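Numbers in the numbering used here are just positions in the sequence shown, counted from 1, shifted up by 221.
Where a beta carbon is used, it is the ideal one built from N, C-alpha and C, also for glycine.
Remember, predicted model here, so these are calculated numbers, not experimental data.
For reference, the structure is listed below as structure tokens.
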Amino acid sequence: MAGKKDVFDIVSEKFDRRWKRDELIVDAERFKTYDEVFDHQNLEIIYRLMTRGHIKVLECPISTGKEANVYKAKTEDGFAAVKIFRTSTSTFRSFTDYIDGDRRFNRIDRSHRGIIYTWARKEFINLDVMRNNRIRVPSPRIVMKNILVMDYISYEGAPAPQLRILKATDDEWASMWKWVLKTVKALFEKCELVHADLSEYNILYDGKPILIDAGQAVHITHPSARQFLERDMRIISHFFEKKGIENASEKASDLVSKLMPEKKD
Ligand code: ADP
Ligand code: MN
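Here you go:
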């Protein structure tokens, strides 16, 4: 019988082993996050992920954010990234801006937890559509309630860096900028999606650029789709302008008006 305490014990035992080995990265701040994220319910899901063979053990945190924490996990034959959405977040209200109006999600459980679960499922579905249309994204593996498992993206033996901190040559930036334009176009035309949080934080580099963080991506019929697309292109072109791409913002607005021509009245 797997009583409540058993689940906690089994999982926390696995954590403790890791922590002892990795003393250098143990600090009070991280434990604070651990306490918050590894509540009973999350531990139960993690335990299920383990017993069903999706992961073997959670390793270190890769990122601790406002809405989600991302962990590296060991699997039977490699690694996975595990994104745990906070169920105790206070910013969850704005989630509905990206769910309401997306026709794929018009009948959902509107409780606090229900919205978070929908958000995680939305990220899974968005990544799946993108992957099926050959957009470079981490392949989603499984979503259980507020926990999403996907491919772990690494570069030179470490978690893949965000473009924000990447060092690259002018030529490399130029070709990454081309990739951004191509990717946004394919996202729109093939996947019928607008990413809606595109920035140098949400593109990683594993030898090539790869897009992440798709929970907020909306269907192109969403009433704010154009506004989100404009904002995405403004933010990302600004970054590439700083990297020396001179006509980035022009190219960005060209793409926006090509994909979503403004209605003349
Ligand atoms: P949020 O921005 O909502 O916290 P993200 O999905 O952007 O969530 O993930 C946060 C950070 O975690 C990313 O910027 C990246 O550094 C890291 N990360 C996310 N997914 C992966 C992954 N599949 N492989 C490696 N690192 C990842
Ligand atoms: Mn992000």
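Selection F461, I346, E451 evaluated against S478 yields E451 as nearest (Cα-Cα).
A distance of 8 Å or more separates the beta carbons of I305 and A294. Within the same chain, P430 come within 6 Å of W400 by CB-CB distance, once the 5 residues on both sides are set aside. The region 431-440 makes contact with the region 406-417; the number of CB pairs closer than 8 Å reaches 3 or more. For I457, the closest alpha carbon among the candidates C281, M365, S474, G322 is that of S474.
In this structure, DSSP gives K366 a state outside helix and strand, which the three-state scheme calls coil. Around ligand 2, the residues whose beta-carbon falls short of 6 Å from at least one of its heavy atoms are Y422, N423, D434, given in chain order.
Between the alpha carbons of H416 and A438 lies a gap of roughly 4 Å. The distance from the Cβ of V364 to that of R342 is about 6 Å, consistent with a contact at the 8 Å cut-off. Between ligand 1 and M371, a heavy atom-to-CB distance of less than 7 Å is present. The beta carbon of K304 sits closer than 7 Å to at least one heavy atom of ligand 1.
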